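Data first, discussion second: the structure below is written as C-alpha cells.
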Amino acid sequence: MTTLIRLIAALVAVVLAASSAARVDAASPFVHGKIFFNNDSGASVEDSKPVYGCCESTKLDAETCPEDLDEEHHRLLGKVQIGTMPQMTSEQALDVLESSVGAWNGGSGVWPQMSLSDRVASVQSFLAELQHKREEIVQVLMFEIGKNKKDAEAEFDRTIIFAESTIDYIKGSGQFGSGWDASNGNTRLFLSRAAVGVVMTLAPYNYPLNESYAALIPALLMGNCVILKVPTIGGLAHMLTIEAISKTLPPGTLNFISGSGRKTMPPLMRTGKIDSLAFIGGSRAADDLIKAHPEPHRLKLFLQLEAKNMGVFMPNLFDEDVDDSELEHALKETITGTLSFNGQRCTALKLLFVPRLHSEAFADRLARKVEKLSVGLPHEQAEGKFSSITPLPGRGRIDYMRSLIDDAIEKGARIVNKNGGMVVGEGEANESTLMVPAVLYPVKRGMRIYEEEQFGPVVPVTPYDSIDEVEEYARTGRYGQQVSIFTSKSNGALSGSLVDKFSTVFGKININSQCGRSPDTAPFSGRRSSAMGTMSVSHALMEFSIPTVVSYKDVGSNAEIVQIIEKNSRFMETI
Numbered sequence: 009m010t011t012l013i014r015l016i017a018a019l020v021a022v023v024l025a026a027s028s029a030a031r032v033d034a035a036s037p038f039v040h041g042k043i044f045f046n047n048d049s050g051a052s053v054e055d056s057k058p059v060y061g062c063c064e065s066t067k068l069d070a071e072t073c074p075e076d077l078d079e080e081h082h083r084l085l086g087k088v089q090i091g092t093m094p095q096m097t098s099e100q101a102l103d104v105l106e107s108s109v110g111a112w113n114g115g116s117g118v119w120p121q122m123s124l125s126d127r128v129a130s131v132q133s134f135l136a137e138l139q140h141k142r143e144e145i146v147q148v149l150m151f152e153i154g155k156n157k158k159d160a161e162a163e164f165d166r167t168i169i170f171a172e173s174t175i176d177y178i179k180g181s182g183q184f185g186s187g188w189d190a191s192n193g194n195t196r197l198f199l200s201r202a203a204v205g206v207v208m209t210l211a212p213y214n215y216p217l218n219e220s221y222a223a224l225i226p227a228l229l230m231g232n233c234v235i236l237k238v239p240t241i242g243g244l245a246h247m248l249t250i251e252a253i254s255k256t257l258p259p260g261t262l263n264f265i266s267g268s269g270r271k272t273m274p275p276l277m278r279t280g281k282i283d284s285l286a287f288i289g290g291s292r293a294a295d296d297l298i299k300a301h302p303e304p305h306r307l308k309l310f311l312q313l314e315a316k317n318m319g320v321f322m323p324n325l326f327d328e329d330v331d332d333s334e335l336e337h338a339l340k341e342t343i344t345g346t347l348s349f350n351g352q353r354c355t356a357l358k359l360l361f362v363p364r365l366h367s368e369a370f371a372d373r374l375a376r377k378v379e380k381l382s383v384g385l386p387h388e389q390a391e392g393k394f395s396s397i398t399p400l401p402g403r404g405r406i407d408y409m410r411s412l413i414d415d416a417i418e419k420g421a422r423i424v425n426k427n428g429g430m431v432v433g434e435g436e437a438n439e440s441t442l443m444v445p446a447v448l449y450p451v452k453r454g455m456r457i458y459e460e461e462q463f464g465p466v467v468p469v470t471p472y473d474s475i476d477e478v479e480e481y482a483r484t485g486r487y488g489q490q491v492s493i494f495t496s497k498s499n500g501a502l503s504g505s506l507v508d509k510f511s512t513v514f515g516k517i518n519i520n521s522q523c524g525r526s527p528d529t530a531p532f533s534g535r536r537s538s539a540m541g542t543m544s545v546s547h548a549l550m551e552f553s554i555p556t557v558v559s560y561k562d563v564g565s566n567a568e569i570v571q572i573i574e575k576n577s578r579f580m581e582t583i
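Residue 9 is where the sequence shown starts when you use our numbering, and the numbers rise one by one after that.
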C-alpha cells in the first residue's frame, strides 16, 4: 500500500486556561496543536513547544510603583502559556512534501484536474466551515500576537472578504475560459489559466491569517497544491482551520508544516520539487531559500518583503495661510500610519521627513498625540475603545526596539514623548512585551533607525533642509514599497515633481494619507528589495497560474472535432 500522508487535526481544542495569578477580566485561549500523519505507521508529530502570550496581569500597590507612573501602568505583566505548536523534523517536512507532490501528480492529481467551478465550490465550502471558527481564531490572534479585538476581527473578516472577492472576480473575468477568440484570421484561440504546481507559502506573524490566505486562496483556486509553513509566532490560528480543510479539500491539496523554518524549509527547496515560492517576510531569508533550489530559473516567485516607507511633509503644509486642519489631518494619518498594530506592518510609515524649520514643533505635537494612545492588553478597553498599543510578540522584539532607541540617543536623538520606550509591567522576570511608543527626534543619517526597518512602536522624525535630501534617500535606498506625501494646494509644481520622481522608486504613492495595502482590488507591489510580484484580488490569481492556450485552425472538420473535445474537457469548461 502506497503511503498517503495527509495533515489533519488529531486534536484541536480551545479551553479556558486557568491561572493562579490575579488578572484582568479575560481568559486566554489554549490551543493544543497536535498534528499526525494518516499513513501506515500512524506516525505523529510528538515534539511540541509551548506558545506563550503576554496576557497575565498582576496589580501592584502604590508603595511598589514608581511615583511617576500613571495608574494604568501600576501592574506587572507576565507570559502565560496559551497553546502548543508541533515541531516537525526535516524528515517529517519531506514527508509532507511527498504528500503534496503526490496530490499534484505531475498536474494529473484530483485537485489540478478538477474543473474551475468545482474548485470554486470546494473553496466556498472551506470558507463556510472556517467562519464557524471565527470567535476562536479571533481570540487566538489577540493573545498570541497581541492584536486588539477589533483588529483581530477585522483581520478575519477581511480574509473572508478577500477570498470571496477573488471568487467573484473569477466568475466575472474573461481570463478563465470565456470562449473562442476569432480575431486572428482562421486561427481560433481558447485562453484560460492553469496551475503552476506545488506552491510553498510562508507568511509573517503580524497578519498570520490574512497574509497567508492572500496567497493561499488564489493558489488553490488556480489548481495548485499548497504547502503552508505555519509561522512560528501566529501559528495557533492555523491549528483551528485543519478540521475545515479536512472536510472540504481532497487529501494533499493543502498541507501544513510547523516548527523551525531553518530546519524544515531548506530541505524542501533542495529537492527541486517546489514549483512556486510565495514568501512574505525578510529578503535575506527569501534569498537563502531561492538559492537552495537546484533550478532557481524555474521557480516562480511571489515575494512581499521589507519596507522603509517614508512620510514626506512638504514645506507648503506649514505656510501661514494654510488652515491648521490640514496639518491636523496629516498628523492623524501619521499616528495611524506609524503605530497601527504597534507599527508592525510592512506598510507602516517608518521614517518621517519634516522641514527643519518646523520639525521640532512637529515632533512635539506628534508626541502629544502619541501620549493619548491607550496602552494595554488586547482585550482591554478604555472609554469604549480597545487598546491602541498592545504587547509585542516576544522579548526579542523589545530588545531590538531598545537597541534602535539606544543607538539613536547615543548619536544625538531624544525621546520626545512621556514614558516613550518604557516597557509596562516589566518585573525582574522581564516577561512583559508591552512597550510605550517612542517618538525619536532628531533622527539623522548614521543612526540605525534611519536605515533599518524597525517594525515596531518607534517613530523617527528626520529634519530636512532641502527636498533634494528626501529625493536622495528615496533614490539610493534598498526598499521601494510605498511613500506618503503630505502637502497643500500651493506650490503644486514641487509636489508634482516629487510624484514623478517617486513613480520610478515606489509601488504606491499616497497623497495626504498613510501607506496601506487596501483596497484589495488595487495592485499591491513594490520595487527593489520590497517585492517581486503583485498582490490583489485579480493579480494574485495571475501570480499562481500560467496563461494556457488551446488553438486550432478553422479548416476542414476541425471546428466539429474541437467542439466535441470542448464538451469533454474540464479545463475548457467556462464558469
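A virtual CB, placed ideally from N, CA and C, is assigned to each residue, including glycine.
The structure presented is a predicted model; accordingly, all values stated were derived computationally and were not measured.
Hey, quick one: how far does the beta strand (DSSP E) through residue i stretch, first residue to last?
i, result
"M318", "N317 to F321"
"R142", "R142 -> not in any beta strand (DSSP E); alpha helix (DSSP H) instead, spanning R142 to I153."
"N425", "Here N425 belongs to no beta strand (DSSP E), and DSSP marks it neither H nor E."
"I169", "Here I169 belongs to no beta strand (DSSP E); instead the alpha helix (DSSP H) covers K157 to G180."
"I493", "Q490 to F494"
"K452", "Careful: K452 lies outside any beta strand (DSSP E) and carries neither H nor E."
"F370", "Here F370 belongs to no beta strand (DSSP E); instead the alpha helix (DSSP H) covers R364 to E379."
How close, in whole Å, do the beta carbons of residue i and residue j come, if the pair is a contact with beta carbons under 8 Å?
i, j, result
"G267", "P94", "7 Å"
"R410", "G429", "7 Å"
"T355", "Q490", "6 Å"
"Q89", "P58", "5 Å"
"Y213", "P401", "6 Å"
"V148", "V39", "6 Å"
"R535", "F514", "7 Å"
"S511", "I517", "7 Å"
"F134", "I265", "Contact flag wrong, Cβ pair sits at about 19 Å."
"E461", "E314", "5 Å"
What do you reckon, are the CB atoms on residue i and residue j nearer than 9 Å?
i, j, result
"V118", "F552", "no"
"E379", "N520", "no"
"E143", "G91", "no"
"M273", "L297", "yes"
"N263", "P120", "no"
"Y481", "S538", "no"
"T398", "N156", "yes"
"G269", "K237", "yes"
"G61", "G185", "no"
"V131", "L228", "yes"
"M247", "S492", "no"
"L359", "Y458", "yes"
How many Å lie between residue i and residue j at the Cα?
i, j, result
"T495", "V447", "22 Å"
"T279", "P302", "7 Å"
"L105", "L276", "7 Å"
"I175", "P226", "9 Å"
"S396", "T441", "15 Å"
"N499", "N324", "7 Å"
"D372", "R456", "22 Å"
"W112", "V206", "7 Å"
"N350", "V431", "13 Å"
"G110", "L102", "12 Å"
"G114", "V234", "14 Å"
"P450", "L502", "24 Å"
"E328", "E368", "17 Å"
"A162", "S181", "27 Å"
"I554", "S200", "8 Å"
"A211", "N218", "9 Å"
"F170", "A222", "7 Å"
"S284", "E581", "25 Å"
"V330", "E336", "11 Å"
"S291", "G485", "14 Å"
"T72", "V53", "Only weak support exists for where T72 lies, its pLDDT of 45 falling under 50; the value from the coordinates is given anyway. Roughly 45 Å separates the two Cα atoms."
"N46", "G289", "Any answer about N46 is weak, because its pLDDT of 36 lies below 50 and its placement is not dependable; what the coordinates show is given next. Each residue's alpha carbon lies about 31 Å from the other."
"L197", "A548", "24 Å"
"L309", "F370", "41 Å"
"V563", "T556", "22 Å"
In the DSSP assignment, find the unbroken alpha helix (DSSP H) run with residue i in it and report its ends.
i, result
"D403", "The displayed chain sequence assigns Arg, not Asp, to residue 403. Where R403 is concerned, the enclosing alpha helix (DSSP H) stretches over R403 to E418."
"V507", "G500 to F510"
"I569", "N566 to K575"
"R483", "I475 to T484"
"R201", "It is not in any alpha helix (DSSP H) - R201 instead sits in the beta strand (DSSP E) that spans T195 to A203."
"G345", "D332 to L347"
"S130", "L124 to Q139"
Compare the C-beta of residue i against all C-beta atoms of chain B and say whether one is closer than 9 Å.
i, result
"Q389", "In the displayed structure, chain B is absent; only one protein chain is listed."
Give, in chain order, every unbroken run of the beta strand (DSSP E) that is at least 3 residues long and sits entirely within the region 252 to 284. With a minimum length of 3 residues, the continuous beta strand (DSSP E) runs that stay inside the region 252 to 284 are 262 to 265.
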